[in-house]
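>
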Amino acid sequence: MQERMVYISGEMVPESQARISIFDSAVMLGDTVTESTRTFAHKPFKLEEHIGRLYKSFKVTRIDPQCSADTMLKITQDVLAANLGMMSPDDDCWIVHNVSRGLAIAGADPTVQQGSATVMIFTQPMNLLPWVDFYTKGCHAVTPMSRAIPAQSLDARIKNRSRMAYTLAEMEAKLVDPLAQSVILDVHGNVAENKGGNIFLVSDGVLKTPTTANCLEGLSRQVALDLADSLGIPTVQTILQPYDLATADEVFFTSTPYCIMPATRFNGLAVGDGQVGPITKRLLNAWSALVGLDIVGQAQGQRPSGS
Ligand SMILES: Cc1ncc(COP(=O)(O)O)c(C=O)c1O
839 MQERMVYISG EMVPESQARI SIFDSAVMLG DTVTESTRTF AHKPFKLEEH
889 IGRLYKSFKV TRIDPQCSAD TMLKITQDVL AANLGMMSPD DDCWIVHNVS
939 RGLAIAGADP TVQQGSATVM IFTQPMNLLP WVDFYTKGCH AVTPMSRAIP
989 AQSLDARIKN RSRMAYTLAE MEAKLVDPLA QSVILDVHGN VAENKGGNIF
1039 LVSDGVLKTP TTANCLEGLS RQVALDLADS LGIPTVQTIL QPYDLATADE
1089 VFFTSTPYCI MPATRFNGLA VGDGQVGPIT KRLLNAWSAL VGLDIVGQAQ
1139 GQRPSGS
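Numbering (our numbering), first residue to last: 839 to 1145.
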């Protein structure tokens, strides 16, 4: 079988041959910024915007990728082109950028980039099965004990791979329900984000989401806000608390792979009438129209036949 190709620091190599040093700052410090872009019908969605956010992360973290955003875009398109032939026509893929500060020799000043950044870009077919039932039944949103890292320590707008805190939070949510999706609160008890997504609610016809004071400025979050505008649904970015989710008419998450994931339970309580709500459905349909692909149908098409 033909092997997928990945890009690693200047070279395109088969996936199984891509290697980084055990002294890389990705390993030593979790000192890595990241992006995940997806394709729709094999075309990357908002790739320029993802690269734009990556370069903001580089600036704030003082990682020097040693190439321009235009070059990064071109390399990314080359990685996709090298792998598209291996993808089935009905599937899509994500394109992941992981960029670390490079070698971090123990004892050396970790704030000084010692050499080249380690630039890793790969694509993988997107497995949508973990979310497929949630489109129609909704998921169970649960608040874990662990809180989001305050922006005073690490601004959530930096899309980074220092994910211990969010991984533990997600595990805690899954102690309550193995299929739960985390609603991580900040240290003030306000709703922040999911370990890999943003959070929305609908109350009295108004779509609300936290401000980016405590969450990533998700590109899917922005698509949901823009689609709501175009559908005449009022939107508000504001402080939200668990009470607001518990009393909302609708709740959903947004993220690059699944776009919109409805939640029909919050901490064991039914959200609204316990069904996926009408505004959530309108937004999902509008998103499918925007990208020219039935988002839910594509995920359902991945179900093994007979299930
Ligand atoms: C912590 C976090 N919040 C939100 C998101 C959603 O961002 P986007 O919509 O750009 O995928 C992600 C995506 O990976 C994330 O990791």
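Beta carbons are placed, not taken as given, at the ideal position from N, Cα and C, and that holds for glycine. What you are looking at is a predicted structure, and each value in this text was computed from that prediction instead of being measured.
Does the stretch 1112 to 1119 come close enough to the stretch 1024 to 1036 to have 3 or more Cβ pairs within less than 8 Å?
Counting Cβ pairs under 8 Å, fewer than three are found: no touch.
> Quick one: residues in its chain with C-beta nearer than 7 Å to the C-beta of Asp983, no 5 flanking neighbours on either side, listed in chain order?
Residue 983 sits at position 145 when you count from the first residue of the sequence shown. Reading off the sequence, residue 983 comes out as Met, not Asp. Excluding residues within five positions, the ones whose Cβ falls inside 7 Å are Glu1010.
> What number of angstroms, rounded off, separates the C-alpha of Thr914 from the C-alpha of Cys905?
Here residue 914 refers to the residue found at position 76 when the sequence shown is read from its first residue. Here residue 905 refers to the residue found at position 67 when the sequence shown is read from its first residue. Thr914 and Cys905: Cα-Cα distance of roughly 12 Å.
> In the DSSP output, what is His978 paired with across the bridge?
Against the sequence shown, residue 978 aligns to sequence position 140. Partner(s): Arg1103.
> Can you tell me the Cβ-Cβ gap for Ile933 and Leu918, rounded? I've got them flagged as a contact below 8 Å.
One-based indexing of the sequence shown puts residue 933 at position 95. One-based indexing of the sequence shown puts residue 918 at position 80. Going by Cβ atoms, the distance from Ile933 to Leu918 rounds to 6 Å, so yes, they are a contact pair.
> DSSP state of Phe1038, grouped into three classes?
Residue 1038 sits at position 200 when you count from the first residue of the sequence shown. Of the three classes helix, strand and coil, the one that applies to Phe1038 here is strand, per DSSP.
> Regarding Ser1058 and ligand 1, is the C-beta to nearest heavy atom distance less than 7 Å?
In the sequence shown, counting from the first residue as 1, residue 1058 sits at position 220. Indeed, a heavy atom of ligand 1 lies less than 7 Å from the Cβ.
> Following the continuous alpha helix (DSSP H) through Phe896, name the residue where it begins and the one where it ends.
In the sequence shown, residue 896 corresponds to position 58, counting from 1. From DSSP, the alpha helix (DSSP H) with Phe896 extends over Leu885 to Thr899.
> Using a threshold of 7 Å, is the CB atom of Tyr1004 nearer than that to any non-hydrogen atom of ligand 1?
As a working mapping, residue 1004 is identified with position 166 in the sequence shown. Flag set: Cβ of Tyr1004 near ligand 1.
> Given a cut-off of 8 Å on the beta-carbon distance, is the pair Val957 and Ser847 in contact?
Looking up residue 957 in the sequence shown gives position 119. Looking up residue 847 in the sequence shown gives position 9. In contact: Val957 and Ser847 (Cβ atoms closer than 8 Å).
> Measuring alpha carbon to alpha carbon, tell me which residue in Gln1019, Leu1006 and Pro1080 is nearest Gly1027.
Here the question's residue 1027 lines up with position 189 in the sequence shown. When each option's Cα is compared against that of Gly1027, the closest is Pro1080.
> With H, G and I counted as helix, E and B as strand and the rest as coil, what does DSSP make of Tyr845?
Along the sequence shown, one-based indexing puts residue 845 at 7. Strand.
> Thinking just about the alpha-carbon of each residue, which of Trp969, Val898, Pro948 and Phe861 is nearest to the one in Gln1138?
Here residue 1138 refers to the residue found at position 300 when the sequence shown is read from its first residue. Nearest C-alpha to Gln1138: Trp969.
> Report yes if the C-beta of Asn1036 is less than 7 Å from at least one heavy atom of ligand 1; otherwise report no.
One-based indexing of the sequence shown puts residue 1036 at position 198. Yes; taking the cut-off as 7 Å, the Cβ of Asn1036 has a heavy atom of ligand 1 nearer than that.
> Out of Val898, Met925 and Asp1042, point me to the one whose CA is closest to Ile1146's CA.
Given a span of 839 to 1145 for the chain in the structure shown, any question on residue 1146 remains unanswerable.
> Kindly give me the distance between the Cβ atoms of Pro903 and Ala955, rounded to whole angstroms, as I take these residues to be in contact under 8 Å.
Looking up residue 903 in the sequence shown gives position 65. Looking up residue 955 in the sequence shown gives position 117. Going by Cβ atoms, the distance from Pro903 to Ala955 rounds to 5 Å, so yes, they are a contact pair.
> Given this structure, state the Cα-to-Cα distance separating Ala986 from Val1021, to the nearest angstrom.
By one-based count along the sequence shown, residue 986 stands at place 148. By one-based count along the sequence shown, residue 1021 stands at place 183. So the two alpha carbons sit approximately 10 Å from each other.
> Between which two residues does the alpha helix (DSSP H) containing Asn921 stretch?
Working through the sequence shown from its first residue, we reach residue 921 at position 83. Element bounds for Asn921: Ala907 to Leu922.
> To the nearest whole angstrom, what separates the beta carbons of Phe1038 and Phe972, a pair I think is in contact under 8 Å?
As a first step, residue 1038 is located in the sequence shown; it is residue number 200 there, counting from the start. As a first step, residue 972 is located in the sequence shown; it is residue number 134 there, counting from the start. Not really, about 14 Å apart at Cβ, beyond 8 Å.
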